[in-house]
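Peer 1: Just so we're aligned, residue 0 is where the sequence shown starts under numbering that gives the first Met the number 0, counting upward by one.
So that we are looking at the same thing, I have put the structure below in structure tokens.
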Amino acid sequence: MPPELPASALYASPALGRLWKKVHLARSPFVIRSGVRRLYIHPAPVLRKLLSGKAYHWIALGCADGLKESLLSRKIPAPTSFHAADTNPTLARMAALRLRAPVKSWSRIDLTSQRLPSSISHLPRPWLVTLFGVLPNLDALPLLQSLHRSMKPGDLLLFSANLAPGKSGLVGARKVLPQYDNPLTRRWLATAALRYRPRLPKGHLEFGVFPDPRQNSLARIEARWISGRRRIVVFSSRRPTPTQVESWVRKVHLWILGRFIEPHREEGIWLVAR
Ligand SMILES: C[S@@+](CC[C@H](N)C(=O)[O-])C[C@H]1O[C@@H](n2cnc3c(N)ncnc32)[C@H](O)[C@@H]1O
0 MPPELPASAL
10 YASPALGRLW
20 KKVHLARSPF
30 VIRSGVRRLY
40 IHPAPVLRKL
50 LSGKAYHWIA
60 LGCADGLKES
70 LLSRKIPAPT
80 SFHAADTNPT
90 LARMAALRLR
100 APVKSWSRID
110 LTSQRLPSSI
120 SHLPRPWLVT
130 LFGVLPNLDA
140 LPLLQSLHRS
150 MKPGDLLLFS
160 ANLAPGKSGL
170 VGARKVLPQY
180 DNPLTRRWLA
190 TAALRYRPRL
200 PKGHLEFGVF
210 PDPRQNSLAR
220 IEARWISGRR
230 RIVVFSSRRP
240 TPTQVESWVR
250 KVHLWILGRF
260 IEPHREEGIW
270 LVAR
């Protein structure tokens with residue numbers, strides 16, 4: 000199993016955050032396909048039913064600058080407070096500025112920790128937690144487990160997953176590989192690799208689709224740093240099928256309240272509760 004850079008190493012500095020944003024604006028299906036943008040407002044009717052009349056608190060995890068949250072916020076009742084948390088606090092601050100709520104805050108967070116930090120876990124309930132675009136980069140089971148531990152009955156979690164279209168994860172992931180293997184994404188990832196400390200040996204990037212080292216049947220798009228015979232995973236994007244996503248949800252004892260999948264079946268959103 001080749002060693003891996005933590006996902007946060009690709010986003011944490013202001014410069015890398017800006018480079019990621021360039022890639023996002025040029026290549027992200029959310030920006031270039033209206034069907035994917037619509038996906039992010041599909042949960043609105045069910046959320047309106049669940050949230051209307053409630054003084055709820057919105058916690059946006061790994062939200063970057065909050066573009067997706069902002070789109071959804073126009074279709075659901077306003078929260079009493081909005082908290083944006085990301086490994087990149089500059090982006091989290093932008094998200095908090097973008098959203099409308101009487102009380103707003105932001106923080107740096109490490110979503111690979113076992114629990115949410117007390118600055119978040121002490122926020123009043125009920126919560127609407129959103130987790131958009133994060134599961135591809137991080138190990139899904141530990142993250143969902145940690146959220147389950149932090150949530151209480153009445154809290155809601157709305158998360159997105161990048162899916163492998165079709166029945167076979169590996170075949171589906173190969174179809175979407177060009178979304179990643181392109182000059183702009185290479186520039187972002189190569190910059191992150193060159194800035195990483197301790198320094199990586201001289202090398203170059205290669206993209207491919209591999210089985211996830213922790214779940215063999217799960218397809219993972221990887222960008223690997225190749226240096227002689229050494230391989231270091233710089234970037235990975237997990238591409239589960241909807242069945243795999245739902246098996247994670249069941250494993251961590253969360254309940255599925257809603258599932259929304261965009262027409263190309265490359266991205267889906269699940270609404271779950273404790
Ligand atoms: C692919 S981007 C998605 C951003 C945004 N939510 C969206 O869907 O467009 C992944 C986000 O997760 C954040 N992230 C990556 N690793 C993280 C970690 N360990 N803890 C907290 N946030 C992390 C990044 O800073 C980035 O904003």
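The beta carbon of each residue, even a glycine, is placed where N, CA and C say it ideally should be.
Small disclaimer: the values here were computed from a predicted structure and weren't measured.
Can you check whether the CB of L155 is closer than 8 Å to the CB of A272?
Peer 2: Mapped onto the sequence shown, residue 272 falls at position 273. Mapped onto the sequence shown, residue 155 falls at position 156. Yes. Within cutoff.
Peer 1: Cutting at 6 Å between CB atoms, please list the residues of its own chain near S104, excluding the five before and the five after it.
Peer 2: Numbered from 1 along the sequence shown, position 105 holds the residue referred to as residue 104. Result list for S104: H82, in chain order.
Peer 1: Could you name the residues of the same chain whose beta carbon sits closer than 8 Å to that of R114, not counting the 5 residues immediately before and after it, in chain order?
Peer 2: Here residue 114 corresponds to residue number 115 of the sequence shown, with the count starting at 1. Excluding positions up to five away in sequence, the list reads S120, S145, R148, S149.
Peer 1: How many angstroms separate the CA atom of V233 from the CA atom of R223?
Peer 2: Position 234 of the sequence shown, counted from the start, is the residue given in the question as residue 233. Position 224 of the sequence shown, counted from the start, is the residue given in the question as residue 223. Distance between the alpha carbons of V233 and R223: 6 Å.
Peer 1: Would a C-beta distance cut-off of 8 Å place L143 and V251 closer than the cut-off?
Peer 2: Position 144 of the sequence shown, counting from 1, holds the residue named residue 143. Position 252 of the sequence shown, counting from 1, holds the residue named residue 251. Taking 8 Å as the Cβ cut-off, L143 and V251 qualify as a contacting pair.
Peer 1: With respect to 7 Å, is the separation between the Cβ of I268 and the closest non-hydrogen atom of ligand 1 below this value?
Peer 2: In the sequence shown, residue 268 corresponds to position 269, counting from 1. Incorrect: I268 has no Cβ contact closer than 7 Å to ligand 1.
Peer 1: For the region 55-136, which segments carrying the alpha helix (DSSP H) assignment without a break, of at least 4 residues, lie completely within its bounds, in sequence order?
Peer 2: Secondary structure in the region 55-136: the alpha helix (DSSP H) runs of 4 residues or longer, each lying completely within the stretch, are 66-72, 88-97, 117-120 in chain order.
Peer 1: Going by DSSP in three states, L162 sits in which element: helix, strand or coil?
Peer 2: If you number the sequence shown from 1, residue 162 lands on position 163. Here L162 sits in coil by DSSP.
Peer 1: Name, in chain order, the residues that DSSP records as bridge partners for A272.
Peer 2: Walking along the sequence shown from the start, residue 272 turns up at place 273. Looking at the DSSP assignment, A272 forms a beta bridge with L155, W254.
Peer 1: If you follow the beta strand (DSSP E) that S236 is part of, which residue opens it and which one closes it?
Peer 2: Walking along the sequence shown from the start, residue 236 turns up at place 237. 229-238 is the extent of the beta strand (DSSP E) around S236.
Peer 1: How about L137: is its Cβ closer than 7 Å to a heavy atom in ligand 1?
Peer 2: Within the sequence shown, the letter at position 138 stands for residue 137. The answer is yes for L137.
Peer 1: Note down the Cα distance separating L127 from E266, rounded to an integer number of angstroms.
Peer 2: Stepping through the sequence shown from its first residue, residue 127 is reached at position 128. Stepping through the sequence shown from its first residue, residue 266 is reached at position 267. C-alpha separation (whole angstroms): 20 Å.
Peer 1: Do you know whose CA, among L169, T129, F131, R124, lies nearest K151's CA?
Peer 2: To locate residue 151, count along the sequence shown from 1; it is residue 152. Checked all of L169, T129, F131, R124; the closest Cα to K151 is R124.
Peer 1: Taking the beta carbon of E68 as the centre, do at least 16 other beta carbons fall within 10 Å, making it buried, or is it exposed?
Peer 2: Taking the sequence shown and counting its residues from 1, one reaches residue 68 at position 69. Looking at its Cβ environment, which holds 16 or more other Cβ atoms inside 10 Å, E68 is buried.
Peer 1: At the level of alpha carbons, what is the spacing between I225 and T240?
Peer 2: The sequence position of residue 225 within the sequence shown is 226, counting from 1. The sequence position of residue 240 within the sequence shown is 241, counting from 1. Answer to the nearest angstrom: the Cα atoms are 29 Å apart.
Peer 1: Does DSSP put L4 in a helix, a strand or coil?
Peer 2: One-based indexing of the sequence shown puts residue 4 at position 5. Three-state result, L4: coil.
Peer 1: For L98, which residues from the same chain have a beta carbon less than 7 Å from its beta carbon, with the 5 sequence-adjacent residues on both sides left out?
Peer 2: In the sequence shown, the residue the question calls residue 98 occupies position 99. For L98, where only same-chain residues beyond five positions count, the Cβ hits under 7 Å are G65, E68, S69, S72, F81.
Peer 1: Classify E221: buried if its beta carbon has 16 or more other beta carbons within 10 angstroms, exposed otherwise.
Peer 2: The residue you call residue 221 lines up with position 222 of the sequence shown. Buried, since its Cβ has 16 or more Cβ neighbours within 10 Å.
Peer 1: Name, in chain order, the residues that DSSP records as bridge partners for G327.
Peer 2: Residue 327 cannot be examined here, being either before or after the span of the chain that is shown, 0 to 273.
Peer 1: Sorry if obvious, but does the Cβ on V133 come closer than 7 Å to a heavy atom of ligand 1?
Peer 2: On the sequence shown, residue 133 is found 134 positions in, with the first residue counted as 1. It does: the Cβ of V133 is within 7 Å (strictly closer) of some heavy atom of ligand 1.
Peer 1: Would G165 be called buried (16 or more neighbouring beta carbons within 10 Å of its own) or exposed?
Peer 2: For this step, residue 165 is matched to residue 166 along the sequence shown. Result: exposed.
Peer 1: Quick test of your reading: L169 and V22, contact by CB under 8 Å. State the CB separation rounded to the nearest angstrom.
Peer 2: Against the sequence shown, residue 169 aligns to sequence position 170. Against the sequence shown, residue 22 aligns to sequence position 23. In this structure L169 is not in contact with V22, their Cβ atoms being roughly 24 Å apart against a cut-off of 8 Å.
Peer 1: Is it buried or exposed for T242, if we count other Cβ within 10 angstroms and need 16 for buried?
Peer 2: Residue 242 sits at position 243 when you count from the first residue of the sequence shown. Here T242 is exposed. Its C-beta has fewer than 16 other C-beta atoms within 10 Å.
Peer 1: Would you say S7 and T89 are within 8 Å of each other, going by their C-beta atoms?
Peer 2: Counted from its first residue, the sequence shown places residue 7 at position 8. Counted from its first residue, the sequence shown places residue 89 at position 90. No, the pair does not count as a contact, with Cβ atoms beyond the cut-off.
Peer 1: My understanding is that L38 touches I268, with C-beta atoms under 8 Å, so please give their C-beta distance in whole angstroms.
Peer 2: Locating residue 38 in the sequence shown gives position 39, where the first residue counts as 1. Locating residue 268 in the sequence shown gives position 269, where the first residue counts as 1. Right, their Cβ atoms sit about 6 Å apart.
Peer 1: Using the Cα positions of T129 and L199, report the straight-line distance between them to the nearest angstrom.
Peer 2: Sequence index remark: in the sequence shown, residue 129 carries index 130 (1-based). Sequence index remark: in the sequence shown, residue 199 carries index 200 (1-based). One C-alpha to the other measures close to 34 Å.
Peer 1: Using C-beta distances below 6 Å, list every residue in its chain close to L256, excluding the 5 sequence neighbours before and after it, in chain order.
Peer 2: Counted from its first residue, the sequence shown places residue 256 at position 257. Excluding sequence neighbours, L256 sits near L270, A272.
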